[in-house]
């Protein structure tokens, strides 16, 4: 995956309404480098030369400022060796469940069960903090994503397309769950 891929997926997320303004962030872990979206830049208008390069220790390798959520990305990469890309977004229905403090159960939809699995809820922590990053660690090996209470959705995968498709599947699952009124299971 390249900076172009991050820009392309970021634009797709923006166009589909999965993120607004300069919300959300994406990253790819390749070799020894994490490529992550910059802080305070709309993913709908982002350019390749704005992608931040950093180490797993959090050292920035170019002159850009990383997303304020970089600690969460690094924590997931450090604790899940299969994760090679992460997408953090705020799609309407999945974020609605995050705001209601409710996980998503994949049993309602065959595709979600086999391609995604359940999406647990992580209790609220201030975004961008060490505590927020650490709160994701217990979930990052047993699940393919999580809901951040009062915040949004995070998914990860073997590449950026995989992580992004998990975002789409989670949002579709949330829509189906909402539409049939089964928020208690």
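In the numbering used here, the protein residues as written are 818 to 1002. Note that beta-carbon positions come from the ideal geometry of N, C-alpha and C, so glycine has one too.
### Task
Taking 8 Å as the cut-off, decide whether the C-beta atoms of residue 945 and residue 886 are in contact.
Yes.
### Given residue 935 as reference, the closest of 918, 960, 955 once Cα atoms are compared
Ranking the options by Cα distance to residue 935, first place goes to 960.
#### Entry: Length-filtered (3 minimum) beta strand (DSSP E) runs lying within the stretch 893 to 981
Listed in chain order, the complete beta strand (DSSP E) runs (minimum 3 residues) inside the stretch 893 to 981 are 902 to 906, 962 to 965, 969 to 974.
### Task
State the DSSP-derived secondary structure class of residue 890, mapped to helix, strand or coil.
Assigned with DSSP and collapsed to three states, residue 890 falls in helix.
#### Entry: Counterpart residues of residue 850 in DSSP-defined beta bridges
Answer is 847, bridged to residue 850.
### Message
On the DSSP letters alone, give me the boundaries of the alpha helix (DSSP H) that residue 824 sits inside.
### Response
It spans 820 to 832 - the alpha helix (DSSP H) in which residue 824 sits, taken as one unbroken run.
### Task
Tell me whether residue 842 sits in a helix, a strand or coil according to DSSP, three-state version.
In the structure shown, residue 842 sits in a strand (DSSP, three-state: E or B).
### C-alpha gap between residue 884 and residue 996, whole angstroms
For residue 884 and residue 996, the distance between alpha carbons rounds to 33 Å.
### Task
May I have the straight-line CA-CA distance separating residue 868 from residue 824, to the nearest angstrom?
About 8 Å.
### Query
What distance in whole Å lies between the Cβ atoms of residue 953 and residue 915, which are believed to be in contact at a cut-off of 8 Å?
Contact between residue 915 and residue 953 fails: their C-beta atoms lie close to 13 Å from each other, not under 8 Å.
### Query
Smallest Cα separation from residue 938: which of 927, 918, 925?
Looking at the Cα atoms, 918 is the closest of the given residues.
### beta strand (DSSP E) segment containing residue 870, residue limits
Here the beta strand (DSSP E) through residue 870 covers 869 to 871.
### C-alpha distance - residue 947 paired with residue 888, whole-angstrom precision
The alpha-carbon atoms of residue 947 and residue 888 are separated by roughly 7 Å.
### Task
Write down the C-beta distance between residue 906 and residue 970 rounded to the nearest angstrom, noting that I regard them as a contact closer than 8 Å.
Their Cβ separation, rounded to whole angstroms, is 5 Å, which keeps residue 906 and residue 970 in contact under 8 Å.
#### Entry: Own chain partners of residue 976 with C-beta closer than 8 Å, once the 5 adjacent residues on each side are dropped
When the five nearest sequence neighbours on each side are left out, the beta carbons in the same chain lying within less than 8 Å of the beta carbon of residue 976 are those of 818, 845, 901, 902, in order along the chain.
### Query
For the candidate residues 912, 878, 835, 928, whose alpha-carbon lies nearest to that of residue 941?
The residue with the shortest Cα to Cα distance from residue 941 is 912.
### Query
Do you know whose CA, among 967, 998, 856, 963, lies nearest residue 987's CA?
Ranking 967, 998, 856, 963 by Cα distance to residue 987 puts 963 first.
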